[in-house]
Amino acid sequence: MTLTETMKRFKRIDLAHLPSRLEPMPRLQERLEGPSLWIKRDDITGLSIGGNKTRKLEYLVAEALELNADCLVTLGAIQSNHVRQTAAAAARVGLECFSILEDRGVSNTSNYKYNGNYLINVLHGAHIELLHKSESGSESMSKLLESLLRNGRRPYRIPSGGSNVMGSLGYITCAMELLDQFSKEDIIPREIIVPSGSGGTQAGLLVGLRAMGCDIPVLGIGVRASQSVQELRVYDLACATANFIGYPSCVSRADVVVDDRHVGTGYGLITNTGAEAISLFAQLEAQLLDPVYTGKAAAGLIHHIHAKRYNSSDHVVFIHTGGTVGLFGYAEMLQ
Ligand SMILES: *Cc1c(COP(=O)(O)O)cnc(C)c1O
Numbered sequence: 020m021t022l023t024e025t026m027k028r029f030k031r032i033d034l035a036h037l038p039s040r041l042e043p044m045p046r047l048q049e050r051l052e053g054p055s056l057w058i059k060r061d062d063i064t065g066l067s068i069g070g071n072k073t074r075k076l077e078y079l080v081a082e083a084l085e086l087n088a089d090c091l092v093t094l095g096a097i098q099s100n101h102v103r104q105t106a107a108a109a110a111r112v113g114l115e116c117f118s119i120l121e122d123r124g125v126s127n128t129s130n131y132k133y134n135g136n137y138l139i140n141v142l143h144g145a146h147i148e149l150l151h152k153s154e155s156g157s158e159s160m161s162k163l164l165e166s167l168l169r170n171g172r173r174p175y176r177i178p179s180g181g182s183n184v185m186g187s188l189g190y191i192t193c194a195m196e197l198l199d200q201f202s203k204e205d206i207i208p209r210e211i212i213v214p215s216g217s218g219g220t221q222a223g224l225l226v227g228l229r230a231m232g233c234d235i236p237v238l239g240i241g242v243r244a245s246q247s248v249q250e251l252r253v254y255d256l257a258c259a260t261a262n263f264i265g266y267p268s269c270v271s272r273a274d275v276v277v278d279d280r281h282v283g284t285g286y287g288l289i290t291n292t293g294a295e296a297i298s299l300f301a302q303l304e305a306q307l308l309d310p311v312y313t314g315k316a317a318a319g320l321i322h323h324i325h326a327k328r329y330n331s332s333d334h335v336v337f338i339h340t341g342g343t344v345g346l347f348g349y350a351e352m353l354q
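In my numbering, the protein residues as written are 20 to 354.
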């Protein structure tokens, strides 16, 4: 059975505008005097402006509907792109959405608290529980689920970032899409660069590529944890996902590589190199990155180009996982 046939066994609903484009970045490439640069536009996957969670939600929400759930329940930071896309997916299929937003002490500006992703959650009609700094997300989640069940509801719980086996399937499909695009462009990239947060994006991409016998390296740029913690998180999820689709051990431990040097002082906190990358991409390519994920990942890409990791004949693909909406939450911090 081919991977295409294997993937057809899993229910999926249509939420994203796919395939997302693979575009060259000639002006950035010229400025950096590096390899040929490409950008995979998963920032414009269509649902409520877009982002990488939409691909995951195509599988997650399909499962929720299959299980006859009547609401989606998830959690994340105040400016979580995942929570926003989940609220949008719920609205699209007619489920209610309950979201827990954690105050991780990133910022007290009103833009951070009420603009950007937060605003869009409200517009999609999600029920939002905004936690105080001292409250724990996982405890609040247990309480919320308990109270929903007590009231006879049928909640479908989506983990933070949509990163479980089911969500990771979305990035197996993305890997298949990428290989098609590489063959159309007649390129074999030297490396694929992706932000690595809850891990489902990197894990799914790796499983998809390796299951198709493709050994293009994937470099995750960490946005929260140390290298060892993040690599293990991604590796565990990749193994579980590979088992789930019937390709056990297609991903080796050595396939999982995370660079943690661009995290800065922590999750959600802007770095100087991240802010510089945001300006560079905006001014040279009209690409809008975000401070939490793609700006830091792009800072990693720029660092590796300066450090001569690539030859000028190489092709490097940057996965733009979205986050555009989050820019508005960081308005003061970006100016
Ligand atoms: C969630 C997110 C990521 C990280 O993806 P994971 O699958 O959680 O590792 C990257 N970029 C953006 C914009 C995101 O919202």
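Ideal Cβ positions, reconstructed from N, Cα and C, are used throughout, including at glycine.
Indicate the three-state DSSP secondary structure (helix, strand or coil) for residue i in the structure shown.
| i | result |
| --- | --- |
| tyrosine 312 | coil |
| proline 45 | helix |
| threonine 93 | strand |
| valine 242 | coil |
| glutamate 154 | coil |
| phenylalanine 29 | coil |
| leucine 320 | helix |
| leucine 303 | helix |
| valine 125 | coil |
| aspartate 274 | helix |
| cysteine 193 | helix |
| histidine 101 | helix |
| valine 213 | strand |
| valine 282 | coil |
| histidine 36 | coil |
| methionine 258 | Reading off the sequence shown, one finds cysteine at residue 258, where the question assumed methionine. Cysteine 258: helix per DSSP, three-state reduction. |
| serine 268 | coil |
State yes or no: is the C-beta of residue i within less than 8 Å of the C-beta of residue j?
| i | j | result |
| --- | --- | --- |
| glutamate 77 | isoleucine 119 | no |
| arginine 111 | leucine 150 | no |
| glycine 241 | serine 182 | no |
| valine 213 | glycine 239 | yes |
| alanine 350 | asparagine 130 | yes |
| threonine 93 | leucine 34 | no |
| cysteine 90 | leucine 167 | yes |
| lysine 59 | leucine 197 | yes |
| valine 226 | glutamine 249 | no |
| aspartate 279 | alanine 244 | yes |
| glycine 348 | glycine 135 | yes |
| arginine 103 | isoleucine 147 | no |
| isoleucine 235 | proline 267 | no |
So residue i packs on residue j, CB below 8 Å; how close in whole Å?
| i | j | result |
| --- | --- | --- |
| serine 39 | histidine 334 | Serine 39 to histidine 334, Cβ: 18 Å. No contact. |
| aspartate 61 | glycine 70 | 7 Å |
| leucine 299 | leucine 47 | 7 Å |
| methionine 352 | isoleucine 289 | 5 Å |
| lysine 152 | glycine 171 | Contact flag wrong, Cβ pair sits at about 33 Å. |
| serine 161 | leucine 256 | Between leucine 256 and serine 161 the Cβ distance is about 22 Å, and since that is not below 8 Å, they are no contact. |
| lysine 30 | alanine 81 | 4 Å |
Comparing C-alpha positions only, which one of the options sits nearest to residue i?
| i | options | result |
| --- | --- | --- |
| leucine 22 | Leu47, Leu228, Gly70, Phe201 | Leu228 |
| histidine 323 | Ala81, Glu210, Ala222, Gly341 | Glu210 |
| alanine 359 | Lys152, Ala222, Glu304 | Look at the range of the chain in this structure, 20 to 354, and you will see that residue 359 is not part of it. |
| alanine 145 | Leu167, Phe117, Val80 | Phe117 |
| glutamate 121 | Ala107, Gly113, His101, Ala108 | His101 |
| arginine 176 | Lys132, Ala106, Ser155 | Ala106 |
| serine 99 | Ala244, Ala108, Tyr137 | Tyr137 |
| glutamate 24 | Glu115, Lys162, Met231 | Met231 |
| threonine 192 | Gly287, Phe347, Ile264 | Ile264 |
| leucine 303 | Ile338, Pro43, Val282 | Pro43 |
| threonine 343 | Met26, Ile68, Leu37 | Ile68 |
| arginine 173 | Ala88, Tyr312, Arg50 | Ala88 |
| glutamine 306 | Leu320, Gln354, Ser332, Gly341 | Gly341 |
| leucine 37 | Ala294, Tyr190, Ser159, Gly156 | Tyr190 |
Quick check for students: name the residue ranges of the beta strand (DSSP E) that lie wholly in the stretch 44–81, counting only runs of 3 or more. The beta strand (DSSP E) runs lying completely inside the stretch 44–81 and spanning 3 residues or more are 55–60, given in chain order.
What are the uninterrupted segments assigned as beta strand (DSSP E) that are 3 or more residues long and contained completely in the stretch 128–187, given in chain order? Within the stretch 128–187, the complete beta strand (DSSP E) runs of at least 3 residues are 146–149, 174–176.
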